[in-house]
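Just below is one structure, and these are the notes that go with it.
Protein chains: 2
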Amino acid sequence: MTETAPRPTLEAVAARAGVSRATVSRVVNGGEGVREPLVERVRRAVEELGYVPNQAARSLVTRRHDAVAVVVAEPESRVFADPFFGLQLRGISKELTAYDNQLVLLLTEGRDDHARVARYLAGGHVDGALVFSLHLDDPLPGLIQRAGVPTVFGGRPGWSGDRRGVVYVDSDNRGGAREAVRHLAGLGRTRIAHITGALDQTSAADRLDGYRDVMVDADPRLIAEGDFTPAGGERAMRELLGRCPDLDAVFAANDLSAAGALRVLRASGRRVPDDVAVIGFDDMLPVAEQTDPPLTTIRQDIEEMGRLMARLLLRGLDRRNPAGGVVGTPSSVVLPTTLIRRTSA
Amino acid sequence: MTETAPRPTLEAVAARAGVSRATVSRVVNGGEGVREPLVERVRRAVEELGYVPNQAARSLVTRRHDAVAVVVAEPESRVFADPFFGLQLRGISKELTAYDNQLVLLLTEGRDDHARVARYLAGGHVDGALVFSLHLDDPLPGLIQRAGVPTVFGGRPGWSGDRRGVVYVDSDNRGGAREAVRHLAGLGRTRIAHITGALDQTSAADRLDGYRDVMVDADPRLIAEGDFTPAGGERAMRELLGRCPDLDAVFAANDLSAAGALRVLRASGRRVPDDVAVIGFDDMLPVAEQTDPPLTTIRQDIEEMGRLMARLLLRGLDRRNPAGGVVGTPSSVVLPTTLIRRTSA
DNA sequence: TGCCGTGGTGAGAGCGCTCTCGCCGCCCCG
DNA sequence: CGGGGCGGCGAGAGCGCTCTCACCACGGCA
């Protein structure tokens with residue numbers, strides 16, 4: 001716990017290099033319009049003094065912070081039980097780092113925190129925000145929109161407010177679900193059940209829609225509500241088995257609930273995939289590879305989603321146009337999914 | 001993606017309230033030494049204009065940022081496969097939020113990033129740092145110490161540098177391990193094996209030490225090296241079964257590797273706990289409760305560790321002395337562990 | 001009544017930076 | 001050889017805040 005030492009200022013560097021503050025500033029910010037010998041002298045002075053620009057002073061005049069808030073608005077601590085957010089965070093972090101932006105993490109605890117987050121964002125402490133808020137009734141997106149902070153959402157925000165200018169990155173949940181169900185059908189299965197995710201989230205709703213796209217007139221008893229957790233998967237599977245003992249396949253809304261379903265199936269004496277084929281969603285490696293048997297699933301590139309969110313935001317912020325593409329208001333992106341075949345289906 | 005609107009300044013509030021900037025500043029910062037009617041007038045003006053202080057301007061003069069960096073220096077993306085960091089982050093976030101500090105997340109990708117992190121910390125953008133760097137040979141703690149940033153480590157840093165003034169928060173890994181092994185011994189088990197964690201981390205080394213404390217002259221073949229992952233647990237368990245088919249208990253360095261071990265034991269036809277008792281470490285709920293059978297384990301309060309790290313740092317920063325206690329250089333804290341009995345042992 | 005002490009308020013400097021503008025010297029062209 | 005243009009550099013203002021200090025109006029005491 002040492003104390004922070006006094007740090008050299010632009011002034012000090014200028015004095016040492018024998019130039020003006022303005023010139024040092026120019027060199028520090030890229031060196032445009034300064035002749036080589038001077039650039040060299042300034043660089044050396046910076047080096048020798050260990051000069052690091054004071055971000056506060058800089059922000060004060062540029063009104064830029066080179067910082068982005070990441071808002072994770074999950075009511076429950078379930079957030080990190082899933083490796084989901086972690087992976088997305090990693091993708092975000094990589095992209096932000098590549099363009100020298102900092103990541104300010106805002107975790108919310110329940111409703112009261114929304115005001116806090118909104119205040120922070122409205123306070124202009126960051127240049128933009130990446131927001132994870134997937135619940136249908138979440139007031140946060142609205143608050144943020146009112147705060148006027150450039151924002152990219154993680155997952156299609158399911159709220160009823162003004163839709164204009166809303167940018168999000170999502171997986172093709174519906175398409176992926178269709179692919180999953182078609183795969184099961186292609187295996188000759190006809191009694192294909194679905195364990196949904198938490199239906200107040202758009203991803204769960206979309207996957208259910210995808211299931212219905214293929215199973216146009218499916219027996220409604222083949223659908224059981226889960227909540228993306230293993231326990232929820234177990235519950236739903238037991239329910240399904242009770243209602244339709246003759247089912248021969250299950251499409252679970254994510255790998256975690258598939259894992260739960262798998263346990264119940266085994267306990268009930270069914271063999272997977274012989275008696276019942278099971279397919280998950282996410283391709284969460286530590287889960288999908290570790291189940292018994294290993295899980296066939298729909299892969300979504302979560303880290304890439306994070307990276308893309310950051311890239312879109314930065315592009316909208318006009319940060320020297322990250323990674324090419326046309327500058328301007330970016331639009332939402334829906335990433336494709338892939339079927340990963342293991343043994344469960 | 002709306003543009004940020006121009007925000008009112010102190011000046012504007014002062015004008016509206018008919019007072020000086022200084023008075024507004026005083027009110028905004030607690031209102032000490034300003035008479036009630038004025039306070040009221042200023043408050044109203046702030047409210048009406050929606051004034052939010054410009055943090056950059058404030059930092060420029062106070063040299064405080066009310067921001068803390070959280071550095072996660074895990075080489076591999078394994079970081080978030082474990083819910084570990086997520087939980088700790090949550091604890092940290094809660095505490096920081098309670099004292100109005102922001103959380104700047106710094107994830108590192110391999111060695112090259114160390115310099116970046118060190119530069120950032122040395123740059124004085126944050127008031128302090130919370131660092132997770134548990135590897136023995138990690139140069140980061142040294143770099144940070146040189147940067148002169150007040151720091152609290154998560155887990156005992158295992159490095160050979162200057163130890164003075166190093167503050168950390170850790171679980172009683174050694175004591176917990178002793179309790180685990182004693183519990184197995186109390187069950188009448190005598191051939192107690194140990195699956196270690198990644199031994200370049202202090203927590204793994206400490207747990208191994210704890211095991212040895214009880215099993216003073218254990219057969220060295222009863223120890224197999226794991227790496228805290230389920231796959232590592234499987235590998236180690238197979239190794240152990242090959243070397244010592246007569247073992248009757250296993251203490252795994254964490255729940256994840258215990259889950260792997262459990263699978264191998266079942267595949268080998270052993271009954272748990274009848275033939276082999278198994279105990280884990282961490283009490284990672286989504287893992288420990290979902291194994292078959294549910295895992296007996298050593299619980300550590302991970303969220304509390306995070307909270308404590310933040311509290312210690314803030315206290316060292318002299319932030320109005322969070323949560324009581326003597327002000328001054330804080331010292332390290334080692335949190336106790338608890339045995340959680342489920343069915344595996 | 002006069003003086004000092006005290007508490008409340010305002011004026012102003014200055015934190016470290018960026019950016020505009022103006023000056024100066026050089027080169028090119030007539 | 002002179003003038004205009006241009007590129008390189010420095011001077012200085014000002015971003016929005018905090019904090020010191022001086023000022024003023026009281027009240028208490030002699």
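Going line by line, the protein sequences match chains A and B. The first sequence begins at 1 in full-length UniProt numbering and counts up by one. The second sequence begins at 1 in full-length UniProt numbering and counts up by one. Positions of the beta carbon are idealized from the N, C-alpha and C atoms, including for glycine. Here the structure is a predicted model, which means the values were calculated and not measured.
Within 9 Å, strictly: CB atoms of residue i and residue j
i: P273/B; j: T343/B; result: yes
i: G106/B; j: L103/A; result: Strictly speaking, residue 106/B in this sequence is Leu, with Gly absent from that position. In this structure, L103/A lies closer than 9 Å to L106/B by Cβ.
i: I92/B; j: L130/B; result: yes
i: G260/B; j: T229/B; result: yes
i: D292/B; j: R263/A; result: yes
i: G242/B; j: S257/B; result: no
i: V126/B; j: M309/B; result: no
i: L38/A; j: V19/A; result: yes
i: A56/A; j: A98/B; result: no
i: R299/A; j: T338/A; result: yes
i: I302/A; j: A345/A; result: no
i: R63/B; j: G124/B; result: yes
i: L295/A; j: D255/A; result: yes
i: G86/A; j: F85/B; result: yes
Inter-residue spacing [alpha-carbon to alpha-carbon] between residue i and residue j
i: A67/B; j: N173/A; result: 37 Å
i: M215/B; j: L184/B; result: 11 Å
i: A323/B; j: R311/B; result: Unreliable positioning characterises A323/B in this predicted model, as indicated by a pLDDT of 46, which lies under 50. A coordinate reading is not provided.
i: V28/B; j: N54/B; result: 12 Å
i: P286/B; j: R207/A; result: 24 Å
i: A249/A; j: I195/B; result: 37 Å
i: F281/B; j: G176/B; result: 8 Å
i: L60/B; j: L136/B; result: 38 Å
i: L247/A; j: R341/B; result: 37 Å
i: E109/A; j: R116/A; result: 10 Å
i: D275/B; j: V72/B; result: 40 Å
i: P83/B; j: D213/B; result: 29 Å
i: R41/A; j: R35/A; result: 10 Å
i: residue 347/A; j: A288/A; result: For residue 347/A there is no data in the structure shown, the boundaries of chain A being 1 and 345.
i: G30/A; j: V70/A; result: 28 Å
DSSP beta-bridge partners of residue i
i: V104/A; result: A69/A, V104/B
i: S171/B; result: L335/B
i: F251/A; result: H194/A, I279/A
i: V152/A; result: L130/A, V167/A
i: T296/A; result: I279/A
i: H135/A; result: Q201/A
i: Y224/A; result: According to the sequence as given, residue 224/A is Ala; it is not Tyr. Its beta-bridge partners are I195/A.
i: T302/B; result: According to the sequence displayed, residue 302/B carries Ile and not Thr. According to DSSP, I302/B bridges with nothing at all.
i: I340/A; result: T297/A
Residue burial classification, residue i (beta-carbon count within 10 angstroms, cutoff 16)
i: E32/A; result: exposed
i: E179/B; result: buried
i: P245/B; result: exposed
i: R320/B; result: Only weak support exists for where R320/B lies, its pLDDT of 47 falling under 50; the value from the coordinates is given anyway. Exposed is the call here.
i: S268/B; result: exposed
i: D283/B; result: buried
i: E95/B; result: buried
i: G188/B; result: exposed
i: T23/A; result: buried
i: S332/B; result: exposed
i: P220/A; result: exposed
i: G210/B; result: buried
Contacting residues, own chain, Cβ-Cβ under 6 Å from residue i (five flanking each side not counted)
i: R16/B; result: A45
i: R156/B; result: Y168, D170, T202
i: A224/A; result: I195, A236, E239, L240
i: P8/B; result: L49, Y51
i: D200/A; result: H135, L136
Sequence-distant residues of its chain with Cβ nearer than 7 Å to residue i (five each side left out)
i: P139/B; result: H114
i: A253/B; result: I195, T196, G197, A204, R207, G226, F228, F281
i: I144/B; result: A118, L121, A129, V131, T151
i: L10/A; result: R21, V24, S25
8 Å CB neighbourhood of residue i in its chain, flanking five on each side removed
i: M305/A; result: Q88, G91, G154, V169, D170, S171, L335
i: A12/B; result: L49, Y51
i: G316/B; result: G128, P150, V152, V167, T329, P330
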